[in-house]
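Heads up, the thing below is written out as structure tokens.
In this note's numbering, the protein residues as written are 4 to 613.
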């Protein structure tokens with residue numbers, strides 16, 4: 004007869020005396036010794052007798068603590084304490100004769116009932132009015148999985164969830180197909196975290212529409228397998244993600260509970276998935292270097308802009324770029340298209356002009372066709388990035404039509420057909436408050452609103468910016484530049500650059516074109532014209548020769564006079580460059596270089612308007 008005791012609270016013990024060669028211990032009532040405690044599996048371990056030697060063997064993936072040491076098997080000796088979950092089992096050896104099973108306690112108790120081969124003693128009842136509490140234990144796998152989920156999502160607000168989810172699926176769906184995936188534009192699952200082998204299932208679009216209803220999930224029955232599909236719902240404008248896990252019939256109830264809870268927790272913490280560095284791998288490292296090359300600087304505004312550009316490149320949602328004209332808004336939009344994770348996107352730009360809404364509406368909705376259906380801009384430019392410049396110049400009605408078209412594209416099917424980007428003035432909220440920018444249209448850009456800093460807000464970045472742009476301009480003009488003189492750099496740093504990046508780039512092009520091959524850039528950037536006049540003098544609309552000759556600095560006067568003369572001759576010859584070159588006693592190639600250097604207008608349109 005084998006004697007086992009379960010240690011209780013307050014020093015009490017529940018004693019089992021069994022006449023068996025093999026004794027099973029676990030939470031299920033079918034075991035010889037029943038332990039209903041947290042952490043105890045339905046069948047946790049088996050104790051076996053071989054003559055006078057007793058051994059124990061834990062079930063697969065289960066362990067116990069034998070006298071303070073974690074073990075899955077071993078030999079039992081009298082007095083050994085086996086901790087199983089939160090319960091403690093004491094091995095007391097072999098007795099001479101059968102004894103009654105009893106509960107040793109300080110409380111008064113009734114006479115125990117006659118003991119069968121395996122029985123337990125009931126605790127005494129103090130009175131009939133006493134309340135009864137019955138405690139149950141969750142299945143071990145479900146309880147352990149829930150505990151792991153708490154640890155994963157409590158790890159930190161901004162911690163990376165992808166590695167943790169990969170470990171979670173490996174631990175609790177070890178021998179099954181499982182993945183967390185989102186849909187691409189073709190309606191195919193694209194795994195984010197996966198241990199799926201073989202072909203990934205493909206579902207019809209109507210199934211995803213049905214799964215968009217709150218509380219819905221799906222059961223996918225394949226030839227030899229079946230899987231649960233739970234949506235990770237993240238709002239009306241959000242693309243869907245899905246948990247797909249193969250299940251067994253005996254585990255389906257626990258799997259349903261587990262996946263439902265995991266899907267809801269992922270919906271709350273989804274940013275920690277989509278911002279995972281492991282999700283993009285080598286793309287992230289390459290992209291960060293590319294963005295830093297295109298947006299150099301250490302100012303806070305530029306750092307925020309760089310991070311916003313990377314986030315926008317990963318996303319499919321519309322982007323609003325706020326900044327002054329010439330600040331590089333279109334260049335940032337082109338950068339977003341160039342670093343797209345699936346490859347560079349073609350860019351199409353549309354310039355909005357005030358009062359020309361009909362032309363814009365034609366671009367947006369397409370010309371009428373004979374069959375009545377129109378090919379919209381999203382249809383015609385599928386797979387492209389569309390830049391709508393100065394979106395605030397549209398009339399309110401046209402803005403609402405644009406908002407409806409964009410919303411329909413963003414919410415349709417498996418994601419937008421195009422990537423929408425718009426530009427506007429620096430203070431977009433003021434435009435909304437004044438009614439210039441429609442609030443419905445503005446709300447579509449809420450996820451990605453970027454502010455392009457003006458040069459006067461990032462003066463500390465100018466030296467690095469000048470060096471990077473000089474390299475680019477030198478390559479553009481096929482010249483090797485050895486650097487820039489300190490005097491020239493100082494004049495650039497002191498210049499106000501009201502024309503923002505466009506003006507800075509124009510000045511650098513002028514300086515580089517005047518620099519011989521292999522030499523340092525020399526010259527002076529003209530200061531703002533109003534600053535060069537005598538105090539109290541009236542400010543003319545354009546600089547005049549008389550005002551210029553008052554200056555003593557030839558590096559300022561000569562370029563301005565040259566620019567004014569070339570501009571006057573081009574205007575007079577209606578943009579005929581050959582005729583203007585003869586009048587200026589220059590070659591046509593030299594004249595074209597000067598036009599680019601000074602950023603002069605092309606007056607050929609004057610001939611077309613005659």
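Note that the Cβ used here is the ideal one computed from N, Cα and C, for glycine as well.
Following the DSSP letters along the chain, one finds residue 141 in no beta strand (DSSP E), marked with neither H nor E. The three-state reading of DSSP puts residue 341 in helix, counting H, G and I together. Counting C-beta pairs with one atom in each stretch, the region 349–363 and the region 448–455 have fewer than three that are closer than 8 Å, which means they do not touch. The DSSP assignment places complete alpha helix (DSSP H) segments of no fewer than 4 residues inside the region 404–460 at 431–436 and 442–446, in order along the chain. When rounded, the separation of the alpha-carbon atoms in residue 151 and residue 178 is 18 Å.
Under the three-state reduction of DSSP output, residue 164 falls in the coil class, being neither helix nor strand. Here the alpha carbon of residue 322 sits roughly 11 Å from the alpha carbon of residue 332. Closest by C-alpha distance to residue 94, out of 175, 141, 285 and 6, is 6.
Looking at the DSSP output, residue 78 bridges to 58. No Cβ-Cβ contact shorter than 7 Å links residue 299 with residue 472. Listed in chain order, the non-local C-beta contacts of residue 191 below 8 Å within the same chain comprise 203 and 205, local neighbours out to five positions each way being set aside.
The shortest C-alpha to C-alpha distance from residue 441 to any of 404, 458 and 413 is the one to 404. By the Cβ-count criterion, residue 326 is buried, with 16 or more other Cβ atoms from all chains shown falling within 10 Å of its own Cβ.
Sequence-distant partners of residue 354 (beyond 5 residues in either direction) whose C-beta falls short of 6 Å from its own C-beta, in its chain, are 392. Around the CB of residue 19, 16 or more other CB atoms lie within 10 Å, so the residue is classed as buried. The region 24–37 makes contact with the region 46–57: 3 or more CB pairs, one atom from each, lie closer than 8 Å. When the beta-carbon positions are compared, residue 185 and residue 198 stay at least 7 Å from each other. Under the three-state reduction of DSSP, residue 391 is assigned to strand. A distance of 7 Å or more separates the beta carbons of residue 525 and residue 501. Residue 233 and residue 148 have their C-alpha atoms roughly 17 Å apart.
When beta bridges are read from the DSSP output, residue 85 appears opposite 69 and 92. Contact check for residue 330 and residue 455: beta-carbon distance about 5 Å, within the 8 Å limit, so the pair qualifies. Shown here, residue 306 sits in a helix according to DSSP, grouped into three states. Here residue 52 carries a strand assignment [DSSP, helix/strand/coil]. When DSSP reads this structure, residue 20 sits in a beta bridge with 6. The bridge partners DSSP lists for residue 197 are 182. Residue 192 is bridged by DSSP to 186. Looking at 230, 431, 360 and 464, the one whose alpha-carbon comes closest to that of residue 181 is 230. Take residue 315, set aside five residues on each side of it, and the residues of its chain with a beta-carbon closer than 8 Å to its own are 322, 339, 451 and 453, in chain order.
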